[in-house]
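These notes concern the structure reproduced below.
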Amino acid sequence: MTDSHLTRRTLLRYGAYGAGAAALAGTAASWDRLTGADIPGRDDGSLVVATLGPAYGPEAIRTLTEGFKKVHPDIKLRINAVQATDWSDFFAKILTQIAAGTAPDLVYVATEGVQLFAQRLGVALDKWVKRDAAELREYFADVHPSLVESMMYEGSLYQLPVEFNAADMYLNSQVLKRAGAGFPAADWTRDDFTELLRDMKKSSGSQFTPYFWTNRLWGGVVPWLFANGTNLLAESKAPGGAWLWDGFYPSAERQGRGGGFRWTTPQATDARVEESYDYLASLIQDDLCTRPEGGNGQNLIGVFSTGRVGVTPAGGFWAGGLHLAGMRPGSFDVQYFPRWRTQRMQFGAAGYALLRTSKKQDEAWEFIKFAARRDTLMRLFETNQTTPARRSMLSADRYRETGPRHWQVFYDTLDKFPDTGPIPAPPQVAEVEQVLLKHTGTALASRRSVAPALRRMQSDLEKAMERDV
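Using the numbering used here, the letters of the sequence shown map in sequence onto residues 399 to 867.
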């Protein structure tokens, strides 16, 4: 694989992971649709931005295109909302477009794809950030350094984060009241959490599930690994990055920062990993939660809003989602993830990645800056469908209509817990996540199955991490 092209083997691997290998070998008509070749005016000289379709509806696209036109009337912009079921599906379709020679200039990329795009497909933003430092100083002062560091790779910055979501704990207020339980303290522990689930179970019917979660990289088993002081892959920091930290952050905020995260040696058989899985298996055994389902978590909104689930991990995006589902402010609330050995929490962030194949890189940089502006994000995130990367946007007024009461938790997960970090997402993230999902389901079949399943996970992770993407 070269910098700008994917080998057939790599393309098929990502296709099988996301959209499915069959989609990559479809008819000529479906190829046109997949690559965007049938989009009217596709070659009209526009700056092309690819976004995840479900997250960017017509109104969001209009906000970006009309706003950008006012600032840069000389740059034609087209935003392609690629319809995909999740980030993996989206990345597979983008990779297909690149292989077909119809690559966009910019791609909206979440943590799951930051290092994949940076290593093989992206352009470092360092030269533009340094050039426009005076203009960007206000942006960095408003964005937590952990979010910025999660967008770095081997000393360079590849994206400006515009949103993030940490895995905090949502609680149904009706269920709390039914159980005679108060709202948990900020420093609640794993044992406090377990006891709360038991109280909820005792006070509810047979169709009730105290704790419900999805089997995925973000918000699945990983928050429990973080809370127990471990991770799926050995974690360290790449050297470098001083050019950014020294230029934009005070000494207290840049202490311990580096050139981005490195996730390397698999450690699924680590004692604390096994301990975390055993704890989750014990919750299932005691009927305090079900075995985790796959999917993106949208199925949880219905069961949580109707009181059939008491507690579930989710980010700021659920404030808007639960409001749209009919839940009123006060009917739910949010607290930090409970403490175990640590109270380190996990997040995922997103921003725009510039592709090396782009012939409009300077224009693309102007869009990246525009998309990170406060006024742009204020218009784009009106419905609380995510957590803005800009700290100043989180206010009582923003959450007055949707809730939750403890909305400060969303950004304080970063501000008050500075070791909170991104989900483990190396360039081989596609295969790593597939291995995690497969063996997590098996491991939690019973407490006896935990150790053997983790041994198989370790073996498969080692193979995945040895492969070149």
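Heads up, the beta-carbon is just placed ideally off N, CA and C, and yes, glycines get one too.
Nearest-angstrom Cα distance between residue i and residue j?
| i | j | result |
| --- | --- | --- |
| residue 446 | residue 464 | 15 Å |
| residue 547 | residue 687 | 34 Å |
| residue 777 | residue 522 | 28 Å |
| residue 431 | residue 754 | Summary for residue 431: the model assigns pLDDT 39, below 50, so the residue's position carries little reliability, and this model does not support an answer. |
| residue 645 | residue 823 | 27 Å |
| residue 640 | residue 654 | 11 Å |
| residue 793 | residue 804 | 11 Å |
| residue 843 | residue 853 | 15 Å |
| residue 587 | residue 704 | 27 Å |
| residue 460 | residue 684 | 50 Å |
| residue 572 | residue 593 | 17 Å |
| residue 614 | residue 567 | 16 Å |
| residue 624 | residue 664 | 15 Å |
| residue 505 | residue 731 | 33 Å |
| residue 790 | residue 540 | 6 Å |
| residue 760 | residue 733 | 42 Å |
| residue 550 | residue 543 | 11 Å |
| residue 850 | residue 563 | 33 Å |
| residue 780 | residue 561 | 13 Å |
| residue 727 | residue 596 | 26 Å |
| residue 557 | residue 749 | 6 Å |
| residue 471 | residue 515 | 29 Å |
Please confirm whether residue i and residue j have their CB atoms less than 7 Å apart.
| i | j | result |
| --- | --- | --- |
| residue 821 | residue 620 | yes |
| residue 622 | residue 674 | yes |
| residue 509 | residue 770 | no |
| residue 559 | residue 574 | no |
| residue 872 | residue 833 | Nothing in the structure corresponds to residue 872, since the chain is present only between 399 and 867. |
| residue 785 | residue 718 | no |
| residue 492 | residue 458 | no |
| residue 768 | residue 527 | no |
| residue 570 | residue 443 | no |
| residue 835 | residue 666 | no |
| residue 909 | residue 643 | Because the chain in this structure spans residues 399 to 867, residue 909 falls outside the shown range and cannot be described. |
| residue 638 | residue 553 | yes |
| residue 689 | residue 682 | yes |
If you follow the beta strand (DSSP E) that residue i is part of, which residue opens it and which one closes it?
| i | result |
| --- | --- |
| residue 730 | 730-733 |
| residue 744 | 744-752 |
| residue 792 | First-last for residue 792: undefined, no H or E at that position. |
| residue 539 | Careful: residue 539 lies outside any beta strand (DSSP E), inside the alpha helix (DSSP H) at 531-539. |
| residue 863 | That residue, residue 863, is in no beta strand (DSSP E); its alpha helix (DSSP H) goes 848-864. |
| residue 442 | Where residue 442 is concerned, there is no enclosing beta strand (DSSP E), given that its DSSP letter is neither H nor E. |
| residue 564 | 561-564 |
Buried or exposed for residue i, please, with buried defined as at least 16 other CB atoms from any protein chain shown within 10 angstroms of its CB.
| i | result |
| --- | --- |
| residue 518 | buried |
| residue 607 | buried |
| residue 864 | exposed |
| residue 649 | exposed |
| residue 599 | buried |
| residue 486 | buried |
| residue 656 | buried |
| residue 627 | exposed |
| residue 481 | exposed |
Mind checking which residues open and close the alpha helix (DSSP H) that includes residue i?
| i | result |
| --- | --- |
| residue 839 | 827-841 |
| residue 764 | 759-769 |
Of all the CB atoms in chain B, is at least one closer than 7 Å to the CB of residue i?
| i | result |
| --- | --- |
| residue 846 | As a matter of chain content, chain B is missing from the structure shown, which is built from one protein chain. |
Report whether the distance from the Cβ of residue i to the nearest heavy atom of the ligand ZN is below 6 Å.
| i | result |
| --- | --- |
| residue 851 | You won't find the ligand ZN in this model; it holds no ligand whatsoever. |
Could you tell me which uninterrupted beta strand (DSSP E) segments, each at least 3 residues in length, are contained entirely in the stretch 614-660, listed from first to last along the chain?
-> 631-635
Every unbroken alpha helix (DSSP H) inside the stretch 450-490 [4 residues or more] | 456-469
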